[in-house]
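Structure first, then comments.
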DNA sequence: GGCGCCCTCGCTATTTTTGGGGACTTGTTT
DNA sequence: AAACAAGTCCCCAAAAATAGCGAGGGCGCC
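Protein chains in written order, with my numbering: chain A, 131 to 366; chain B, 131 to 366.
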């Protein structure tokens, strides 16, 4: 085993830009002794960022054709907590088979393990180890490397967040009653029901909602609930 | 260092029930050589599960008083991806200070690191290492143990999911248009604006919203947006 | 003692959303 | 070939949310 865990993490630690992150991903790939590594984040604003070692033509095609909607790896990882071996995914649909064929043809390995990564506000990213080999070899490899893949996924994502230009948006603070109000609305209560539950008049409740809306700079109640949820201000 | 990582994971691996998980948490605590470990999951249905080593009276008080709403650790972890050292949290509000005082009095250590854990469908859990010692000692400890805490958090959560009787709540799938519709609403657009943006009639948009509401079992649009956001089906 | 924030309540009018119908086309799956 | 899901459009009436005006008491901070 070429790379000790600490060495691997040490590759990520000093990274200071997204470019450097891409280079570090390539070095990780070498140390882990596999064909490809992919870090692919879908950030909150809908933009994407990826640092990966796949051949450029495949990346271009993937993006152009909007394959993230079809990709069984993405879909599978969205639904699970634990890392996913590609073999356990559902490749039966026609779209998935076509996709797989094209990926193989483009130089992507037949074996893979993808680690789903989730952050606050619906952040979602994937960290994938990809290789071309037979099933047994891959089973041995992924068995012994799972822990470090999980950790690398964590640190790579953290670094990506860190070096991303985005300033941490200053989050407004809601008063207890405002929190209560938005929480109940987020749980599907109507204003009347929520007021009832909080044992206040509907009008008072309205005041809270409006205050919360103002504080959050939201355009309407639904938006306010979305913002509050997004910012971890309320819990369903 | 008493516990090698593999030994620690080996404690979790054979666990087959929630009770055993609680016992394993206590063994982990011993091997990690700290005062307390807390695994605390808030599942999507609002229920809670915890496996922890805090004194019972404190647990009871925490639950009775609904402290998860006040607890700065919970609030802080909800908003961040990376593990949180308790010292970096905001303890300035009066509620937070009172809470801290009571926790200390009840036998909780003054130092802590909490690892947020997120899964699909808005799963959220915390894995906390807690200890009573001075700042320097803790800084050394948490520095060297961070990686294993992250991994333990991962494996403990995975095990908790695995042994939990509850069937994994099947999350409805939204069609692309339904996703678009809810996304725009979550961003504060009115139906008219959203329809405009998607270049469809408002009536059509309404059909999507209603379909999404039905699929998600939501009581109204705000609820549907909250559910979708919570379940990671849409991203603001 | 004043300033600001939080909690509480009332009224009216307008705009928006929701819920109930139905109908057509284009795909994919079986 | 039939079934199904998805996308698109329409009308109408009832319910809910929004916007505007107002008022008073309590608490903490400088």
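Every residue, glycine too, gets a C-beta built ideally from N, C-alpha and C.
For residue 186 of chain B, which option in B/200, B/365, B/202 and B/166 has the closest C-alpha, if you only look at C-alpha atoms?
Of B/200, B/365, B/202 and B/166, the smallest CA-CA separation from residue 186 of chain B is found for B/166.
Nearest-angstrom Cα distance between residue 162 of chain A and residue 141 of chain A?
Approximately 12 Å, taken between the alpha carbons.
Taking the Cβ atom as the reference point for each residue, do residue 243 of chain A and residue 213 of chain A lie within a distance shorter than 7 Å?
Here residue 243 of chain A is near residue 213 of chain A, since their CB atoms are less than 7 Å apart.
Which of the three DSSP states, helix, strand or coil, is assigned to residue 192 of chain A?
Here residue 192 of chain A sits in helix by DSSP.
Any contact of the stretch 219-232 of chain B with the stretch 249-256 of chain B, i.e. 3+ C-beta pairs under 8 Å?
As far as the Cβ criterion goes, the stretch 219-232 of chain B does not touch the stretch 249-256 of chain B, which means the pair count is below three.
Closest by C-alpha distance to residue 240 of chain A, when choosing among A/265, A/256, A/169 and A/345
Of the listed residues, the one whose Cα sits closest to residue 240 of chain A is A/265.
Given residue 353 of chain A, which residues of its chain have a CB within under 7 Å of its CB, disregarding the five upstream and five downstream residues?
The answer is none, since no qualifying residue turns up.
Please report whether the beta-carbon of residue 330 of chain A lies at a distance below 7 Å from any beta-carbon of chain B.
Not an interface residue.
Quick check: what's the CA-CA separation for residue 147 of chain B versus residue 335 of chain B?
So the two alpha carbons sit approximately 46 Å from each other.
Uninterrupted beta strand (DSSP E) stretches inside the stretch 212-275 of chain B (no shorter than 3 residues):
Those beta strand (DSSP E) runs which fall completely within the stretch 212-275 of chain B and span 3+ residues are 241-248 and 254-261.
Under 9 Å from the C-beta of residue 205 of chain B: neighbouring residues of chain A:
The answer, in chain order, is 362 and 363.
Could you list which residues in chain A have their beta carbon closer than 7 Å to that of residue 250 of chain B, in chain order?
Close to residue 250 of chain B, with beta-carbon spacing below 7 Å, are these residues of chain A in chain order: 208, 209, 210 and 211.
From B/138, B/143, B/171 and B/144, pick the residue whose C-alpha is nearest to that of residue 160 of chain B; which is it?
Of the candidates B/138, B/143, B/171 and B/144, B/138 places its Cα closest to the Cα of residue 160 of chain B.
Just to confirm, is the Cβ distance from residue 286 of chain B to residue 169 of chain B under 7 Å?
In this structure, the beta-carbon distance from residue 286 of chain B to residue 169 of chain B falls below 7 Å.
6 Å Cβ shell around residue 255 of chain B - same chain, five flanking residues per side excluded
Here the set comprises 171, 247 and 287.
As a quick exercise: from B/346, B/284 and B/280, pick the residue whose alpha carbon is nearest that of residue 309 of chain B.
For residue 309 of chain B, the closest of B/346, B/284 and B/280 by C-alpha to C-alpha distance is B/346.
Under the assumption that residue 316 of chain A contacts residue 359 of chain A (Cβ atoms under 8 Å), give the Cβ distance between them as a whole number of angstroms.
Contact holds; Cβ gap of about 6 Å.
Please work out which residues of its chain come closer than 6 Å, Cβ to Cβ, to residue 272 of chain B, disregarding the five sequence neighbours upstream and downstream, and give them in chain order.
Only residues of its own chain outside the window of five on either side were considered, and among them 243 have a CB closer than 6 Å to the CB of residue 272 of chain B, listed in chain order.
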